[in-house]
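For reference, the structure discussed in these notes is given below.
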Amino acid sequence: MTDNEFSVHEHYQLTSPFPTEWPEEKDNDDHSDDDDNETTTKNRPKSKPRYSALVTTTGNRKSFMKGSLKAESAIENLLQRDEPDSLGTTESVVGTLKNLGLPVQDDIRLRNKFLLSSTTFSPSLFLSQVHSTASTQDLLNGLNVLSQSIDQKSASLKVLVESNFERFVRAKATIDNVYKEMKFQGDEPPPSSSRPRAHSRHASRNSFRNSSSNQATVIVPNLDGKKKNALAKETEYGVLGIKTQLLDVSAKAEEVWGPALGGHEKENNIRLMLTSIEQFQELYRLSASISESIKRKDYEAVFESYNKAKQFADDAKILSEQINMTAATELQKYQIILAAHVWTDVRQIIEEFKRDIWRKLIKSQCTSLRKDEANGTSQDQHIDYIEILLELGATENPILVWLTSCRNYLKSKIQSISDRSKIEIEILRRQLLNGDRPTNQIKAIHLKSLERHTGESKLKAFDSSEVIEFWERANKFMSNILSIQNILGEVVQLGQTVQSLINGKAKRMFTSNSSQNSLDYHRLSKEEASELQKETYELLHMIRESVSGFFLNLPIDDISSLFSPMPLTPQNITHQPRLSPMPSVFLDSPMSRATDNLQPSLKGSEVWDEFAFWPPWSNAISAVHYLGKFLALVGSAANEMAALLPDEQGDESFKDQLRSFVSSIRERCVIAVCAAWIKDAEDIKVLENWLRSPENKNLTKVPIGFSSFGNYMLSGMQKILYIPEALVKTDSVNIVTPPSSKILQMVRSQFVTTIYKSLTGLVENAENPVQKSDDDWTPNLNVTAISMPIASATSLGPETVDSSDRNVRILLTLSNMQALCDEAVPSLIVQFENSFSVKMTDESKIIKDYLNQMNARLFSSFTQPYIDSICGIIHAGITSPNWAPSEKPLEARPYVYEVLLSLVLLHTQVSTTTSSLTVKILSFVLEKISQELLDSLKLRSQWKLPDLMQATLDVEFISQTLSQYTSEKASEIQSKIYQELDNGTDTQSRAELQTELPGMRTVLKTLRDRSKIEFACFKKGRSRSEKSRPSNIAQSQQQENN
866 MTDNEFSVHE
876 HYQLTSPFPT
886 EWPEEKDNDD
896 HSDDDDNETT
906 TKNRPKSKPR
916 YSALVTTTGN
926 RKSFMKGSLK
936 AESAIENLLQ
946 RDEPDSLGTT
956 ESVVGTLKNL
966 GLPVQDDIRL
976 RNKFLLSSTT
986 FSPSLFLSQV
996 HSTASTQDLL
1006 NGLNVLSQSI
1016 DQKSASLKVL
1026 VESNFERFVR
1036 AKATIDNVYK
1046 EMKFQGDEPP
1056 PSSSRPRAHS
1066 RHASRNSFRN
1076 SSSNQATVIV
1086 PNLDGKKKNA
1096 LAKETEYGVL
1106 GIKTQLLDVS
1116 AKAEEVWGPA
1126 LGGHEKENNI
1136 RLMLTSIEQF
1146 QELYRLSASI
1156 SESIKRKDYE
1166 AVFESYNKAK
1176 QFADDAKILS
1186 EQINMTAATE
1196 LQKYQIILAA
1206 HVWTDVRQII
1216 EEFKRDIWRK
1226 LIKSQCTSLR
1236 KDEANGTSQD
1246 QHIDYIEILL
1256 ELGATENPIL
1266 VWLTSCRNYL
1276 KSKIQSISDR
1286 SKIEIEILRR
1296 QLLNGDRPTN
1306 QIKAIHLKSL
1316 ERHTGESKLK
1326 AFDSSEVIEF
1336 WERANKFMSN
1346 ILSIQNILGE
1356 VVQLGQTVQS
1366 LINGKAKRMF
1376 TSNSSQNSLD
1386 YHRLSKEEAS
1396 ELQKETYELL
1406 HMIRESVSGF
1416 FLNLPIDDIS
1426 SLFSPMPLTP
1436 QNITHQPRLS
1446 PMPSVFLDSP
1456 MSRATDNLQP
1466 SLKGSEVWDE
1476 FAFWPPWSNA
1486 ISAVHYLGKF
1496 LALVGSAANE
1506 MAALLPDEQG
1516 DESFKDQLRS
1526 FVSSIRERCV
1536 IAVCAAWIKD
1546 AEDIKVLENW
1556 LRSPENKNLT
1566 KVPIGFSSFG
1576 NYMLSGMQKI
1586 LYIPEALVKT
1596 DSVNIVTPPS
1606 SKILQMVRSQ
1616 FVTTIYKSLT
1626 GLVENAENPV
1636 QKSDDDWTPN
1646 LNVTAISMPI
1656 ASATSLGPET
1666 VDSSDRNVRI
1676 LLTLSNMQAL
1686 CDEAVPSLIV
1696 QFENSFSVKM
1706 TDESKIIKDY
1716 LNQMNARLFS
1726 SFTQPYIDSI
1736 CGIIHAGITS
1746 PNWAPSEKPL
1756 EARPYVYEVL
1766 LSLVLLHTQV
1776 STTTSSLTVK
1786 ILSFVLEKIS
1796 QELLDSLKLR
1806 SQWKLPDLMQ
1816 ATLDVEFISQ
1826 TLSQYTSEKA
1836 SEIQSKIYQE
1846 LDNGTDTQSR
1856 AELQTELPGM
1866 RTVLKTLRDR
1876 SKIEFACFKK
1886 GRSRSEKSRP
1896 SNIAQSQQQE
1906 NN
């Protein structure tokens, strides 16, 4: 800015070289100057007063000094804009500073520090800036100039004082006299020893201006009238009298005009309030509207009202930033204050509402993931809560908070249910262990349940009620942990939700997507995603460990370890309702029936001592049923866990863990079932009740029970090994692997062993007679195998047989063994091959050898006493001295009839007991008889004609009588007999025998006719070919003729 421009700005007092409007203060200055001039003219006295020297016009005089300034408060500043250098170096200090680059034209405070006429003049700053380059000589010259200037001004002031000295003296005397008169009211001042203090002209601190606002009563000291207006401290320097009167007048004026003036102000306030209410009437109802909407659960209305309040508050905030509060209108001020009150109330209501929603969200946990059993729909309350929090704004991510709450809840639920269920199961196991061993009769009832019952009644009859309770409790534990409708389903739903959040699909679940904060909550960082997946796998690991520990660990020795800390009990379950969604889970709990003296679990030689999941005294039927259900749950659960794993991760280690999880449990179950299968196979003999089968009277009910048991066990083992009931998702890999060759070989060997054990038990039943005593079966070793009562050979009824007769038992067992060998066992072998896709060639041979050995053992046990007796009769008869006839024989020897009568009794017993064995047994006995005849006849070296005729007659009579039981071997032995007779006969006797053959045939015919009735049982069922078969005598005759 040039000096000319600066002079123009200084003269016209402009702030800008190109102003856009006339400054408003210029108008005020003109009016003020006019008013002052008019007032001065009107109030100018016509005559000069006596004390005109005291009259001053400093209060309203103007400074017309060049370059004077006026401040914003209208109080004149007598400082100049510029002045020459007091040291005489330049004519403009401001110009010099401008050249130095200091903004002195714009900054008045800075400029005043360089002007000597300013009270804020800084000599050091002045010298450092204006004379920064001056030399010492320059400064000394400046000092001389400054001294001369001061001397000139002092001389002017001295001349002024000398010329007006008398005026100053008179003014001083007048002032002192006036002050003395006003202070002492004409009295003489009291003498003072000290120098009188100079009069203070400071304003009184208790002036009328400062106390006019105080309307309280002023206590006036008791002063006389003369001293009331004295300039003393007691009279407040002369204003105490008038101050009291002014206060009274002010109080009365307030009393009279106060209501009128206050009513006007109140009217203005009310009018302003009505205007604001009309303009913002909807905002007044926001708080109540939000509260009412919350009670009605009308969350859309809550969102709408909340957004209105928020928008109103934002507008008020913007308004307060745009305007100055001193220049704001009353309506604008009221709007800002109203917005603050409304937003505060709304925010308090919303914060309380959000806290309530947070509590509900945390309490909802994973219960919202389960299906509503009434209508099959999902309870999505947690989604509603999350949407509310996202819409209203949340400092934390409600989705993560809910997921964390679900995880903690599921952890606690898995642990508590697992601990409590294991306690209950162990209590039941201890109670069974301390209970009584089941009797054979009870075992038989359970083994026969496969053929007697169906459906639910069949299931209950599999085992005792205590064992079934144990299995049901274990099944409930497995279902609670692994069922997709229970804990596993909640974990899977939680994992799917986590995966949808990771994949970005979760925001479809939420409709509140307008807020950027809400969108941010739908996106997870890599760390958050990894942590959530890790927490999901921890839950799956807890489930696997809980179930694996139940199957793989040994029974716990000290049950008190399961009670520390004590899980929920039926007494305190009401105080913690979040343990399980099924309130009936603790009804009739084994813990409520547990006694204090449960004995520790003792290790023994029983199969259940190695398995915590195995109830003592349980049979294989109930075990294979329930373990098949358990493994179906395990397989389905493993597949669900595998499907939860994202395909893109390719984490095969987790799937390998699941495969190992299923395989290890399956192996333990197979080992347990095989051990129980052996015990039940040993107990299969208790099925024998010696009642005939309704379908086949030659059999008892054992073959049916054996087949039913075998079929059921093979079907159950097939389900256990291959777990076909495990559910597999279409888009997932089946975790259930085929059984290992080790397990298959174990089952194959066990199958063969169980058949052997079963057959051995049947043989023991037949050989060892039993007596029923107190519903138990005990062997009777005093009954000999030779005793064969005739009366017991007959049946006691259509279905009942005399089980006390050993021969009857053996015959029925032989018949049963024949049925097992022909039908049951081959059928089981075929079923095993089909079920497990193996060939049982070697095992079939082994089983067949077992059957033949058992059959031969029983057959020999039955027939040997008969054979020994009959052979003894034959040997005694042939070797008797009376056997050889003295003449031609006309009758068979008595031993022949005795042998045939024994065979009649044998035939009767066999045919009435098991008719299917009659031919087999009598054919075998006939072979033994023929062999004994051959051996006995060999004892004679020579045969005379009568002897030859007698031997021929005896052998042929027995042969023809038992012709329908003649086997190839018997025919061969009979041929050897005739050869032996022929070898011991000379030519003459042989020729004579030929001549006697017709007569012998006549004798044989006569003998057979006479014994037709006695031996009619032997002719029953003869075939036509047998009737037409020629006798051995005829054959011999024909051979000789040839």
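Residue 1365 in this note's numbering is what sits at position 500 of the sequence shown, and the numbering runs on without skipping anything. No residue lacks a Cβ here, since even glycine has one placed at the ideal position from N, Cα and C.
The residue from Glu1101, Ile1253, Glu1130 and Leu1799 with its alpha-carbon nearest to that of Lys1162 is Ile1253. In the DSSP assignment, Thr1665 forms a beta bridge with Leu1556. In this structure, Asn1484 is the residue among Asn1305, Asn1484 and Thr1362 with its C-alpha nearest to the C-alpha of Phe1335. In the DSSP secondary-structure assignment, Thr1565 is bridged to Arg1557. Shown here for Trp1542: same chain residues with a beta carbon closer than 7 angstroms to its own, the five before and five after excluded, namely Ala1485, Met1578, Gln1615 and Thr1619 in chain order. If the five residues before and after His1740 are omitted, its C-beta is found closer than 6 angstroms to the C-beta atoms of Ser1801, all from its own chain and listed in chain order. Taken through DSSP and simplified to helix, strand or coil, Gly953 comes out as coil.
According to the DSSP assignment, Glu1797 belongs to the alpha helix (DSSP H) that extends over Thr1783 to Leu1802. Ranked by Cα distance from Lys1834, the first of Ile1222, Tyr1199, Gln1280 and Leu1799 is Leu1799.
Straight across, the Cα-Cα distance linking Leu1148 with Lys1175 is about 11 angstroms. Lys1162 sits in coil when the DSSP states are folded into three classes, being neither helix nor strand. Shown here, Phe1145 sits in coil according to DSSP, grouped into three states, outside any helix or strand.
Note on geometry: alpha-carbon atoms of Glu1837 and Gln1844 lie some 11 angstroms from one another. Of the other Cβ atoms in all chains shown, 16 or more fall within 10 Å of the Cβ of Gln1774; this residue is therefore buried.
In this structure, Arg1613 keeps its C-beta atom at 8 angstroms or more from the C-beta atom of Val1695. Taking 8 angstroms as the upper bound for CB-CB distance, Val958 and Phe979 are in contact here, some 5 angstroms apart. Asp1714 counts as exposed, since fewer than 16 other C-beta atoms from the protein chains shown sit within 10 angstroms of its C-beta. Beta-carbon to beta-carbon, Ala1153 and Ala1181 are separated by about 20 angstroms, too far to satisfy the 8 angstroms threshold.
Distances from the CA of Ser1795 to each of Thr1260, Leu1419, Ile1842 and Tyr1760 were compared; the closest alpha carbon is that of Ile1842. Relative to Gln1246, the option among Gly1414, Ser1824 and Ile1264 whose CA is nearest is Ile1264. Shown here, Trp1122 sits in a helix according to DSSP, grouped into three states.
In the structure shown, Phe1476 falls within a coil segment according to DSSP collapsed to helix, strand and coil. For Leu1359, the three-state secondary structure derived from DSSP is helix. Ala1020 carries a helical assignment under DSSP once its states are collapsed to helix, strand and coil. Of the residues Phe1415, Asn1299, Gln1361 and His1406, the one whose Cα lies closest to the Cα of Ser1283 is Phe1415.
Under a 10 Å Cβ-count criterion, Asn1672 is classified as buried, with 16 or more other Cβ atoms of the shown protein chains found around its own Cβ. Assignment of His1740 by DSSP, reduced to helix, strand and coil, places it in the helix class.
Each residue's CA atom was taken as its position, placing Ile1183 and Ile1142 some 21 angstroms apart.
Judged by beta-carbon spacing, Lys1550 lies beyond the 8 angstroms limit of Asn1681, meaning their Cβ atoms are not closer than that value. Residue state for Gln1807 is assigned as coil, using DSSP reduced to three classes.
Pro1303 and Leu1592 have their alpha carbons spaced roughly 37 angstroms apart. In the DSSP assignment, Gln1696 falls within the alpha helix (DSSP H) that extends over Val1690 to Phe1701.
Nearest in C-alpha terms to Ile1786, of all of Phe1883, Val1499 and Ser982, is Phe1883. Residue environment for Leu1105: buried (at least 16 other C-beta atoms within 10 angstroms of its C-beta).
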